[in-house]
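K.L.:
For the sequence shown, position 365 matches number 365 in the UniProt record's numbering, and the numbering has no gaps at all.
Here a beta-carbon is modelled for each residue, glycine too, at the ideal position from N, C-alpha and C.
Attaching a single structure in structure tokens format; questions to follow.
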Amino acid sequence: MHREIHPYFLLFITVIFILIYIPGSFCQDDERFKRCSEPFRCGTVDIYYPFWGGDRPEYCGGHPSFEINCENNIPNIVIESTSYKVIEINSRSRILTLARDDLLSNICLDSPENASLDLNTFSYVSSDQNITLYYGCTFRSGSQILPTYPNVFRCNSNSNIFGIYTLIDVPFDFNLVRCQNEIIARVNQTNAVALASVTATVEVLKTAIAGGFSVNWSASIDSECQQCDRSRGKCGSYPDSAAFACHCEDGTHPTDCNDGQKQAGDNGKKNQTPLAVGLSVGGAVLASIGVGWLIFFCRQKRKRIAAQASPAQTERKDLPILSSSNGLTSSSSPSSTTFTRSIPSYPSSKSEADYGRVSSYFGAHVFSFAELEEATNNFDQSKELGDGGFGVVYYGKLHDGRVVAVKRLYENNFKRVEQFMNEVEILTRLRHKNLVTLYGCTSKRSRDLLLVYEYIPNGTVADHLHGKRAKSGLLSWPVRMNIAIETADALAYLHSSVIIHRDVKTNNILLDNDFHVKVADFGLSRLFPNNVTHVSTAPQGTPGYVDPEYYQCYQLTEKSDVYSFGVVLIELISSLEAVDTSRHRHDINLANMAVNKIQSSSIHELVDPSLGFLTNSSVRRMTTLVAELAFRCLQQERDLRPSMQEVLDTLRGIQNEESKEHNAEVLDIVVDDVGLLKGSLSSPDSVANDK
């Protein structure tokens, strides 16, 4: 049966609508603020300020030429009439990684032209290298070249026409060939090392081009953005002038949301009078409906009381109480209101998921951003301990007195959150004396992603081998041997826990004051499933340490860590960097140089002279055995490399054998000394008998 809607109910609905719509129409976020709050995602790249495009209008960017187009989920940017594929954007370090579209489509260009940058806006990253591509090359009269020569790539079925690539500082012998055109391309350091190898092929060249190169955009473009960010605004520009603007919830400001002044004549300026009127009207209506609802409630209550006091109800009070089994409600049963209150209140899934409100995350303590900001003196630059590939590490001191190292990841995007969660999950499940301890982290919803570690005061192995502490000379051979053993012990433990580190290098091996090892940086590490031979994944790691088979086949295994550790062993022997472009072309990559030296029995040319290889027989024996072990670790085929446990056992065996040798030599000296002593105390007769 149709029931008539109570007029008070209609009034209540009307007022709710007024309260939501009228103030909301005046208080809604500024349109620019909303449009610039979310990144524009194209493929795997998140596009933030100073870039714009797609769903982000031009006023969300910092420069008119910073437009990024998205076609087939591939982001592209045009710089000085050259189109580039955008591989990665690192907003915190202002690095844009690019690859030339034309070379990606076809390494053999019909009309090769050099590309240029707007040097007022961009600058090249110094770690990348130039290569020269020569086109339309033919043999000079009487010359001949091997068809498998690594620098040659063929662009035509005509075998007499080909192309050549070469590193800028390693020119090709052009007495052999004549070329029509040339351009300069840029590649990152990892791919430059690969191209320098005598085994490089045209596929390596294509991979190098696809890997791209990096440019910095000018700091002046986003120099004002930090102030806007701190005031919870969104960086952008004014549509009419392209000058910097801070888009806020209440409109657009010249510098930040707290400056109290807006750009004169700006379309984003809002009149506050309608807002005040709307709030006043809404408040008055709310008060009216409150009074009306109270009156309605009181009247209804009086009616219920009157009905309960009727004669029929009075007579019923003398009836016996009926049990609920008769199909009637017992007078002793609780009211519906009481029953509702007895139901426990459970937190919503949303609050459960808000990691910022819980005390631990994967078992790690959750710090507030403010707490770590205070511990590092607002991330003071003077407290920086190091600057890695994923973030800056700061010295800090917590309220409880603990001295810590705080890693601040470069940017809070999906990729960094994944690495952040990965490191937290791995470090909270591991306990080993030679692995760095994780004290905690911020919530993944925090303003910045921060990881808090124990502070290791004595720098990295890289610092002591070829960095700022190298001149101290504190890394004697016995200390280096202990470093090798403790690092191998930590890696063997990781592998037994089905974890691959994937970024083993001397920069990630920390040293305490007693030169004991703490292996760090698990951002790239992978949990390795049981019963599988490898994990297929894109190669990641540091140039000079990456397993060549992993690089070529995209198959990650435990032996990838073994290869990287082999490079560490060579660094401990030689004190040389894993990659150094100032060395001869064939020696840029330390692993290649070491393999060549060991194969040619020239280990003495590899060993750091300060270790006493030529003067100390003990050092000579041990470094030779360690070099041979490193040679096994650096085999191109992973199946020929030992396991990490075998490496650890071999290193311990070398150290123990040397200890036995040392004890035997000491024993020989003691016996000789005793014999001489006895001889000096013998009687003249016994001496005569001995003679």
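Quick one: using the 10 Å Cβ neighbour count with 16 as the cut-off for buried, is alanine 192 buried or exposed?
P.N.:
Alanine 192 should be labelled buried.
K.L.:
For cysteine 248, tell me which candidate among Gly211, Ser241, Ser237 has the shortest Cα-Cα distance.
P.N.:
Of the candidates Gly211, Ser241, Ser237, the one whose C-alpha sits nearest the C-alpha of cysteine 248 is Ser237.
K.L.:
Does the separation of the CB atoms of valine 187 and alanine 219 fall below 8 Å?
P.N.:
Contact flag unset, no.
K.L.:
With a threshold of 8 Å between beta-carbons, can asparagine 90 be considered close to chain B, or not?
P.N.:
Among the chains of the structure shown, chain B does not appear; only one protein chain is present.
K.L.:
Could you tell me the alpha carbon to alpha carbon distance between aspartate 649 and aspartate 639, rounded to whole angstroms?
P.N.:
Between aspartate 649 and aspartate 639, the C-alpha separation is close to 18 Å.
K.L.:
Considering Cα atoms alone, identify which of Ala484, Phe379, Arg100 is closest to residue 692.
P.N.:
What is shown of the chain runs 1 to 691, which leaves residue 692 out entirely.
K.L.:
Considering only DSSP beta bridges, list what glycine 163 is partnered with.
P.N.:
Glycine 163 is bridged to Phe153.
K.L.:
For the 8 Å Cβ check, are there 3 or more pairs between the region 457-469 and the region 617-631?
P.N.:
Segments in contact, no.
K.L.:
Taking C-alpha atoms, which residue in Leu569, Arg585, Leu634 lies nearest to leucine 195?
P.N.:
Among Leu569, Arg585, Leu634, the Cα nearest to that of leucine 195 belongs to Arg585.
K.L.:
Is the region 475-494 in contact with the region 399-411, if contact means three or more CB pairs nearer than 8 Å?
P.N.:
Output reads no: the region 399-411 does not touch the region 475-494.
K.L.:
Compare the beta carbon distance of asparagine 216 and phenylalanine 153 with 8 Å and say whether it is the shorter of the two.
P.N.:
No, the Cβ-Cβ distance between asparagine 216 and phenylalanine 153 is not below 8 Å.
K.L.:
Have a look at Asn592, Thr44, Gln636 and flag the residue whose alpha-carbon is nearest the alpha-carbon of serine 197.
P.N.:
Considering only alpha carbons, the answer is Asn592.
K.L.:
Can you find the residues in the same chain that come closer than 8 Å, C-beta to C-beta, to serine 574, ignoring five residues on each side of it along the sequence?
P.N.:
Only Leu590, Ala594, Leu606, Val607, Asp608 meet the Cβ criterion.
K.L.:
Distance check for alanine 370 and aspartate 46, CA to CA, integer angstroms please.
P.N.:
Roughly 26 Å separates the two Cα atoms.
K.L.:
Under 8 Å, with one C-beta from each stretch per pair, do the region 173-185 and the region 74-91 reach the 3-pair mark?
P.N.:
Counting Cβ pairs under 8 Å, fewer than three are found: no touch.
K.L.:
Under the DSSP definition of a beta bridge, which residues are partnered with proline 254?
P.N.:
Bridge partners of proline 254: none, in fact.
K.L.:
State whether the region 393-409 contacts the region 442-460, with contact taken as three or more CB pairs (one from each stretch) at a distance under 8 Å.
P.N.:
The region 393-409, when compared against the region 442-460, does touch it at the 8 Å Cβ threshold.
K.L.:
According to DSSP, proline 75 sits in a beta bridge with which residue or residues?
P.N.:
DSSP output for proline 75 lists Cys70 as bridge partner(s).
K.L.:
Skipping 5 residues on each side, what residues in its chain have a beta carbon closer than 6 Å to that of aspartate 547?
P.N.:
These residues qualify, in order along the chain: Ser560, Tyr563.
K.L.:
Anyone know if the C-beta pair for tyrosine 545 and valine 567 falls short of 8 Å?
P.N.:
In this structure, valine 567 lies closer than 8 Å to tyrosine 545 by Cβ.
K.L.:
Which of helix, strand or coil does DSSP assign to leucine 634?
P.N.:
Three-state DSSP puts leucine 634 in coil, outside helix and strand.
K.L.:
Exposed or buried, proline 39, counting other C-beta atoms within 10 Å across all chains shown (16 or more means buried)?
P.N.:
Per the 10 Å Cβ criterion, buried.
K.L.:
Going by beta carbon distance, what residues of the same chain come within less than 6 Å of serine 116, once the five residues before and after it are set aside?
P.N.:
Cβ within range, chain order: Glu80.
K.L.:
Measure the C-alpha to C-alpha separation of serine 618 and aspartate 222 and round it to an integer number of angstroms.
P.N.:
Going from the Cα of serine 618 to the Cα of aspartate 222 covers about 58 Å.
K.L.:
Helix, strand or coil for phenylalanine 122, going by three-state DSSP, please let me know.
P.N.:
Three-state DSSP puts phenylalanine 122 in a strand.
K.L.:
Quick one, which of Gly363, Arg402, Arg178 has its alpha-carbon nearest arginine 140's?
P.N.:
Checked all of Gly363, Arg402, Arg178; the closest Cα to arginine 140 is Arg178.
K.L.:
Among Val403, Thr376, Arg402, Gly401, whose alpha-carbon lies nearest the alpha-carbon of tyrosine 394?
P.N.:
Tyrosine 394 has its Cα closest to that of Thr376, out of Val403, Thr376, Arg402, Gly401.
K.L.:
Quick check: what's the CA-CA separation for aspartate 240 versus asparagine 151?
P.N.:
Each residue's Cα considered, the two are about 51 Å apart.
K.L.:
Grab the span of the alpha helix (DSSP H) containing lysine 383 for me, first residue to last.
P.N.:
Looking at the DSSP string, lysine 383 is not in any alpha helix (DSSP H), and its letter there is neither H nor E.
K.L.:
Output the distance between the C-alpha atoms of aspartate 110 and glycine 212, rounded to the nearest integer angstrom.
P.N.:
Taking the straight line from one Cα to the other gives about 21 Å.
K.L.:
Short check: CB of residue 692 to CB of aspartate 503, under 8 Å?
P.N.:
The requested residue 692 is not part of the displayed model; the chain covers only 1 to 691.
K.L.:
For glutamine 129, report the span of its beta strand (DSSP E) as first-last.
P.N.:
Residues 129-139.
K.L.:
Could you please give the first and the last residue of the uninterrupted beta strand (DSSP E) stretch that includes phenylalanine 244?
P.N.:
Counting along the chain, the beta strand (DSSP E) containing phenylalanine 244 begins and ends at 244-248.
K.L.:
Let me check one thing: in DSSP terms, what residues is tyrosine 59 bridge-paired to?
P.N.:
None; tyrosine 59 has no bridge partner.
K.L.:
Measure from the alpha carbon of tyrosine 550 to the alpha carbon of each residue in Arg32, Ser443, Leu634, then state which is nearest.
P.N.:
When each option's Cα is compared against that of tyrosine 550, the closest is Leu634.
K.L.:
Can you tell me where the alpha helix (DSSP H) holding glutamate 203 begins and where it ends?
P.N.:
Glutamate 203 -> alpha helix (DSSP H) spans 202-211.
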